[in-house]
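> Sending over a structure as structure tokens; questions will come in a sec.
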Amino acid sequence: MTVIAVDRDRVGLALTIVSEFDAPAERVWQVWADPRQLERWWGPPGYPATVVDHDLTNGGRVTYYMTGPDGEKLHGWWRIISVSPPSSLEFEEGCGPPNEDLPPTTAQVRLVETPEMTTMTIITRFASIAEMEQLLGMGKGEGTKLALGQIDAILATTTGS
Amino acid sequence: MVVDRGDGADELIDRVFRALADRTRRDVLRRAMNGTLSVSGLARLYPMSTTAVQKHVAVLEGAGLVHLTRRGRQQLVQTEIDTIAKAQSLLAEFERLWRGRLERMGDVLAEPLRGDGS
Chain R
402 MTVIAVDRDR VGLALTIVSE FDAPAERVWQ VWADPRQLER WWGPPGYPAT
452 VVDHDLTNGG RVTYYMTGPD GEKLHGWWRI ISVSPPSSLE FEEGCGPPNE
502 DLPPTTAQVR LVETPEMTTM TIITRFASIA EMEQLLGMGK GEGTKLALGQ
552 IDAILATTTG S
Chain G
39 MVVDRGDGAD ELIDRVFRAL ADRTRRDVLR RAMNGTLSVS GLARLYPMST
89 TAVQKHVAVL EGAGLVHLTR RGRQQLVQTE IDTIAKAQSL LAEFERLWRG
139 RLERMGDVLA EPLRGDGS
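Residue numbers (this note's numbering), protein chains in the order written: chain R, 402 to 562; chain G, 39 to 156.
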């Protein structure tokens with residue numbers, strides 16, 4: 402696996418990450434389509450995921466929980482917008498009950514196969530900063546405090562948006 | 039390479055750099071980033087008139103770095119940058135999360151498929 406491109410859109414709150422896998426698209430698709438394989442990569446270290454429901458059809462739901470080091474369970478869900486094996490998957494994602502008043506956080510996955518490899522593009526569009534913090538399991542108010550040094554990074558990337 | 043996006047983005051970047059080219063304005067921005075403060079309060083910190091401080095604040099405001107709000111007779115300087123910086127650091131967190139996920143996907147794909155079909 403090689404990450405070949407990343408784009409962080411700070412204003413539009415979107416992350417695009419493009420990677421290459423040395424496997425055919427049908428095989429790469431399985432890591433999304435097989436709940437047992439999905440469980441092995443979704444949760445960060447120390448937070449293994451358990452997939453409860455896994456209905457990868459249009460309008461279907463995937464529900465899961467991650468178990469933290471102290472045994473706490475973090476519940477999350479996807480609502481499938483569209484699915485077209487083995488090349489595309491689009492879903493809304495969140496944790497806790499869906500908030501119908503806000504636009505949802507969405508993820509788009511695209512697989513493109515070439516004779517040598519499969520390229521996977523994942524675009525996540527976040528509903529809000531609060532939603533991003535929730536998805537990261539940071540809890541309310543535990544955000545990141547701005548350090549003065551960050552202004553250099555901001556200015557350095559201003560041209561990127 | 040100069041890209042003209044036709045949306046004023048380059049003009050805004052010019053204004054940001056111009057605003058930050060001045061030591062007093064950088065100091066005002068640094069203080070504003072640490073908490074809300076008033077124009078009259080700022081004027082007491084620098085050897086210059088309130089009018090001169092107001093001009094500096096206006097340059098920062100024109101670059102979209104701060105905005106002014108009125109509370110009673112006070113004009114308060116608040117920073118815009120914390121929102122963008124927060125988005126930036128959260129996106130970096132998600133990038134880290136996804137890089138980890140992709141690494142683990144690669145590990146799963148490197149294994150021979152099990153025959154049990156689960």
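Heads up, the beta-carbon is just placed ideally off N, CA and C, and yes, glycines get one too.
Model, not experiment: these values are computed from the prediction.
Measuring CB atoms only, is the stretch 429-445 of chain R touching the stretch 410-420 of chain R, in the sense that at least three cross pairs come out at less than 8 Å?
As far as the Cβ criterion goes, the stretch 429-445 of chain R does not touch the stretch 410-420 of chain R, which means the pair count is below three.
> Using a beta-carbon distance cut-off of less than 9 Å, what residues from the stretch 488-520 of chain R approach chain G?
From the stretch 488-520 of chain R, no residue has a Cβ closer than 9 Å to chain G.
> For the pair the stretch 76-93 of chain G and the stretch 123-134 of chain G, tell me if three or more CB-CB distances fall below 8 Å.
No: fewer than three Cβ pairs fall under 8 Å.
> Label residue 112(G) either buried or exposed according to how many other C-beta atoms from any shown protein chain fall within 10 Å of its C-beta, with 16 as the threshold for buried.
Within the second sequence, numbered from 1, the residue matching residue 112(G) stands at position 74. Exposed is the call here.
> Which residues, taken in chain order from the stretch 410-438 of chain R, show a beta carbon closer than 7 Å to some beta carbon of chain G?
Of all residues in the stretch 410-438 of chain R, 411, 414, 416, 418, 420, 422, 424, 428, 429, 432, 437, 438 have a Cβ within less than 7 Å of some Cβ in chain G.
> By the DSSP assignment, the alpha helix (DSSP H) with residue 350(R) in it spans what residues?
Coverage of chain R is limited to positions 402 through 562, which leaves residue 350(R) absent and any answer about it impossible.
> Below 7 Å CB to CB, which residues in the same chain sit around residue 403(R) once its five sequence neighbours on both sides are set aside?
Walking along the first sequence from the start, residue 403(R) turns up at place 2. The residues are 420, 421.
> Where DSSP assigns a beta bridge to residue 463(R), which residues make up the other side?
Along the first sequence, read from residue 1 onward, the residue named residue 463(R) stands at position 62. According to DSSP, which records beta bridges pairwise, residue 463(R) is partnered with 455(R), 479(R).
> Could you spell out where the alpha helix (DSSP H) holding residue 428(R) opens and where it closes?
Translated into the one-based positions of the first sequence, residue 428(R) becomes position 27. From DSSP, the alpha helix (DSSP H) with residue 428(R) extends over 426-434.
> Quick test of the definition: if touching needs 3 or more C-beta pairs under 8 Å, does the stretch 102-109 of chain G touch the stretch 132-144 of chain G?
Segments in contact, no.
> Under 8 Å Cβ-Cβ, which residues of chain G neighbour residue 443(R)?
Residue mapping note: residue 443(R) aligns to position 42 of the first sequence, counting from 1. Near residue 443(R) (Cβ distances below 8 Å), the residues of chain G are 139.
> So with Cβ pairs under 9 Å, would you call residue 402(R) a contact of chain G?
Within the first sequence, the letter at position 1 stands for residue 402(R). Yes, residue 402(R) lies at the interface with chain G (some Cβ there is under 9 Å from its Cβ).
> Going along chain G in order, which residues have a C-beta closer than 9 Å to the C-beta of residue 525(R)?
Along the first sequence, read from residue 1 onward, the residue named residue 525(R) stands at position 124. Here the neighbours are 132, 136.
> Closest to residue 150(G) by CA distance: which of 517(R), 489(R), 424(R) is it?
Taking the first residue of the second sequence as position 1, residue 150(G) is located at position 112. Checking every option, the nearest Cα to that of residue 150(G) belongs to 424(R).
> Is the shortest distance between the beta-carbon of residue 533(R) and the beta-carbons of chain G less than 9 Å?
Within the first sequence, residue 533(R) is the residue found at index 132, counting from 1. Chain G, which has a Cβ nearer than 9 Å to the Cβ of residue 533(R), makes this yes.
> Where do the N-terminal and C-terminal ends of the beta strand (DSSP E) with residue 71(G) fall, by residue?
By one-based count along the second sequence, residue 71(G) stands at place 33. Premise fails: residue 71(G) lies in the alpha helix (DSSP H), 61-71, not in any beta strand (DSSP E).
> Would you mind reading off the limits of the alpha helix (DSSP H) that contains residue 98(G)?
What you label residue 98(G) is simply residue 60 of the second sequence in a count that begins at 1. That run of the alpha helix (DSSP H) goes 88-100.
> What does the Cβ neighbour count give for residue 492(R), buried or exposed, with the cut at 16 atoms within 10 Å?
Indexing the first sequence from 1 puts residue 492(R) at position 91. Result: buried.
> Whole angstroms are fine: how far does the CA of residue 508(R) sit from the CA of residue 88(G)?
Here the question's residue 88(G) lines up with position 50 in the second sequence. Here the question's residue 508(R) lines up with position 107 in the first sequence. So the alpha carbons of these two residues sit roughly 50 Å apart.
> If the cut is a Cβ gap below 7 Å, which residues of chain R does residue 75(G) touch?
By one-based count along the second sequence, residue 75(G) stands at place 37. Here the premise fails: no neighbours, minimum Cβ distance about 15 Å.
> In chain order, what residues of the stretch 100-129 of chain G put their CB closer than 8 Å to some CB of chain R?
Listed by position along the chain: 119, 120, 121, 122, 123, 124, 125, 126, 127, 128, 129.
> In terms of residues, what are the limits of the alpha helix (DSSP H) holding residue 80(G)?
As a first step, residue 80(G) is located in the second sequence; it is residue number 42 there, counting from the start. Residue 80(G) -> alpha helix (DSSP H) spans 77-81.
> Can you grab the Cα-Cα spacing for the pair residue 39(G) / residue 511(R), in whole Å?
Translated into positions along the second sequence, residue 39(G) becomes position 1. Translated into positions along the first sequence, residue 511(R) becomes position 110. Legend: pLDDT at residue 39(G) = 44, less than 50; position of this residue unreliable, no value from coordinates given.
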